[in-house]
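Residues 1 to 620, numbered by the UniProt record's numbering, are exactly what the sequence shown covers, in order.
Beta carbons are placed, not taken as given, at the ideal position from N, Cα and C, and that holds for glycine.
Notes to accompany the following structure.
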Amino acid sequence: MNDGTPKLLAVLAVLALVSSGLQAGDAHSNFSPDDSRLVYMSGGEVKVVNIETGKVSNLTNSPTGDMCPHWSNDGESIVFDSQRDDPHRDLYAMAVDGTNVRRLTDKPDQQDKCPAFSPDDAHITYICTANGDMDIFVMASDGTGVTNLTNDPGSDRCPSWTPDGKKITFMSDRTGFFEVYIFNATDGSGLKQLTDLKIKGSNCWVAAVSPDGKNVCFVGDFEGNNELYIMDIDGKNVRNLTQNAGGDQWPAWSHDGKSIAFSSTRTGAERLYLIQPDGSGLQQVTGVEADVRRILDRVREHDFEANSGYEGVGDLTDDAWRVRMLAIRDLVRSGREAGPALRAGLSDDNRHVRHVCVSALGILGVQAAGEELVKLLSDDPDPIVRGQSAQALGQIGYDKAAPALAAAAKEDKSQHVQHRADLAIGRLKDKQTTSAEVMAAWTELDEASFRQLEVGKAAPDFELKDTNGTTWSLSAFKNKKTVVLIWIFADWCPVCQREFQDLITMQEQFKQSDIQVFTIECHDRYRSKLMVGDHDMWWPHLVDNAGAVGAMYGVDPMEFVVHDEWINRPATIIVDPEGIVRSAYYGTYWGDRPTIEQTFEMIKTNSYEFRHPQRREPTK
């Protein structure tokens, strides 16, 4: 044949363009045999995502770009192409955990790309530039027995096996336009053009056959951008599967035929999606939008109203605070990129979803949410959401919210909202926006450390800073002093105010004893500094920015979000000099807890039994 150097250079340019464009996002996915996971390429790596949980595993960690993975039907191997060993792309196979990588092709003068296992895993079909253009080849799964199936001046792309393994479909522009073709898998004979659609797009790479062999899903740009289309195997009954302004690419059928995975730029970045063959059930699988959806679904699925009655000392009767804390943590971990998805969550019908979205937006400092937060502050029916919106407006430094905050501070029916609005006004005035310290505290929350406290057992150690920036640890007092930890509820809480005054009154008694007192705030440093400024505190006031230490000690660290009258703060924990928890008392109202004087007396007499005469019975 003629010297194919100019044509080969053009082909290499096309491959390089496609590679650089797709590696930036998530693309070219393929289902695991049980349809629970997708293997795909992203950022030049081969990754696997669990469709239900969104957990992503990076299998390759190669700096040279690994692409176009395909899962074997026995679930044991993944084949892909890579430049890891030379400038040209070669085919590789590996175990599904990324180990045992082995090279299948090694021709320095050609590109081997887009491999796909046959249904019985005995063969691999792929694109090869050995002839100076992109043609379809097939080989045994161990890299031997290479056969050239097409040799046409056109561009033959992304072959796909029929379920019986007897034929291969592919796309080619050999007529001047891209069309779908099919031929015999053994030798390339029996070539048949399935479509006469005159597809003009340069990125129409895939024609995937359904598991029952009745349909083909392919990419076309009839409407000016790449969309997914589906047709009968004979090329008839063509219909549009996706319709959006972004580009849709790389369709792949699930093994049960119920879903088609594909990549799309409909939200900007290229991400993976699922859709049903009739065009319904669109679901985003990768990207921050999908992560946010999964997190918010957890919140929606929790029954916050069940068993929320008061059960006396100890924890709340459900895990409402844990669900909210972990949701906010995971949303904050998603970063500011999650801003648009969080803003969309502000209009959710579920008040708990709105609450965690508002909280995350404030912690992340997403200023673009300002107008939506102002609207929530004014119009949301839930006082907790309104109050959290006020705090978030202060955290993001949204100065335009000043009039709405002033109105809420004076006119809102909820004392909680009034107080939060007043604090937000102070934040704006002092320009005290959210800090990296607060974001880090939320990001580092560890669920495994929650609820480690047990009376009679060693108290979990911790380190927290006080409002002056001094770091304190529980272990520093071992074999030295008894430590009293008092988690406050709110600076306006009458119980907290009373206990602060009692601590001030008993200052000399405590200082002359071997007792170290700490009060602990489950919120950020700005609020705590204001609180300290209102009291003549002689003891350290610690700041538990994300409530991690509170959660570890069984204290509900969320601020007034139980949505009924009961919460297990204030809480008082007594730890003796040996580091053993001697008393743990949780309660809200006047009759629910020992006074500061009674706490002092318990320590001095070494008697930790306490039951207040006004103690209320648990809610039935």
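Considering only C-alpha positions, which residue in the set the options is nearest to residue i?
i, options, result
"residue 517", "215, 539, 603", "539"
"residue 168", "133, 437, 126", "126"
"residue 166", "150, 188, 155", "188"
"residue 152", "140, 158, 135", "135"
"residue 695", "431, 350, 370", "Residue 695 is absent from the model: the chain starts at 1 and stops at 620."
"residue 253", "360, 210, 51, 239", "210"
"residue 115", "53, 40, 292, 176", "40"
"residue 425", "444, 441, 404, 436", "404"
"residue 142", "245, 471, 259, 78", "78"
"residue 51", "293, 219, 173", "293"
"residue 93", "454, 68, 445, 57", "68"
"residue 444", "548, 362, 490", "548"
"residue 30", "130, 546, 259, 594", "259"
"residue 363", "112, 138, 339, 159", "339"
"residue 129", "138, 110, 597", "110"
"residue 522", "416, 464, 244", "464"
"residue 398", "416, 384, 418, 377", "377"
"residue 212", "255, 536, 241", "255"
"residue 197", "171, 190, 546, 76", "171"
"residue 157", "394, 174, 297, 439", "174"
"residue 557", "515, 514, 500, 488", "488"
"residue 194", "467, 236, 274", "236"
"residue 514", "472, 604, 492, 455", "604"
"residue 95", "108, 147, 32, 483", "32"
"residue 536", "66, 504, 385", "504"
"residue 112", "120, 133, 240", "133"
"residue 185", "608, 138, 208, 222", "138"
Going by DSSP, which residues form a beta bridge with residue i?
i, result
"residue 79", "70, 93"
"residue 702", "Coverage of the chain is limited to positions 1 through 620, which leaves residue 702 absent and any answer about it impossible."
"residue 301", "BP columns for residue 301 are empty, so no partner."
"residue 263", "249, 272"
"residue 689", "Only positions 1 to 620 of the chain appear in the structure, and residue 689 is not among them; the question remains open."
"residue 240", "229"
"residue 284", "273"
"residue 520", "487, 542"
"residue 555", "The partner list for residue 555 (beta bridge, DSSP) is empty, contrary to what the question assumes."
"residue 583", "574"
"residue 123", "140"
"residue 515", "482"
Would you identify the three-state DSSP class for residue i, choosing helix, strand or coil?
i, result
"residue 157", "strand"
"residue 309", "Per-residue confidence for residue 309 stands at a pLDDT of 42, beneath the threshold of 50, marking its modelled position as unreliable; the derived number appears in the next sentence. Residue 309 falls in the coil class under three-state DSSP."
"residue 596", "helix"
"residue 253", "strand"
"residue 601", "helix"
"residue 84", "coil"
"residue 104", "coil"
"residue 561", "In this prediction, residue 561 scores a pLDDT of 42, lower than 50, which makes its location untrustworthy; no coordinate-derived value is stated."
"residue 347", "coil"
"residue 315", "Low per-residue confidence applies at residue 315: pLDDT is 37, beneath 50, and the placement is therefore not dependable enough to give any value."
"residue 115", "strand"
"residue 220", "strand"
"residue 341", "helix"
"residue 195", "coil"
"residue 210", "coil"
"residue 358", "helix"
"residue 129", "coil"
"residue 323", "helix"
"residue 607", "coil"
"residue 549", "helix"
"residue 572", "strand"
"residue 352", "helix"
> Does the segment 319-331 come within contact of the segment 265-282, defined as at least 3 CB pairs closer than 8 angstroms?
Replying inline: No, they do not touch.
> Counting pairs of beta carbons, one from the segment 78-86 and one from the segment 102-112, are three or more of them closer than 8 angstroms?
Replying inline: yes
> Whole alpha helix (DSSP H) runs in the segment 371-430 with 4 or more residues, listed along the chain?
Replying inline: 383-396, 402-411, 415-430
>> Between the segment 438-453 and the segment 549-558, can you find at least three pairs of beta-carbon atoms closer than 8 angstroms?
In response: At 8 angstroms Cβ cutoff, the stretches touch.
>> Please give me, in chain order, every unbroken run of the beta strand (DSSP E) with length at least 3 that falls completely inside the segment 131-191.
In response: 135-140, 156-161, 167-172, 179-184
>> So within the segment 429-490, which uninterrupted beta strand (DSSP E) runs reach at least 3 residues, ignoring any that extend past its ends?
In response: 463-466, 471-473, 482-487
> Are the segment 569-576 and the segment 472-485 touching, with three or more C-beta to C-beta distances below 8 angstroms?
Replying inline: yes
>> Using a Cβ distance threshold of 8 angstroms, determine whether the segment 409-428 contacts the segment 376-396, with at least three qualifying pairs required.
In response: yes
> Any contact of the segment 500-519 with the segment 421-436, i.e. 3+ C-beta pairs under 8 angstroms?
Replying inline: no
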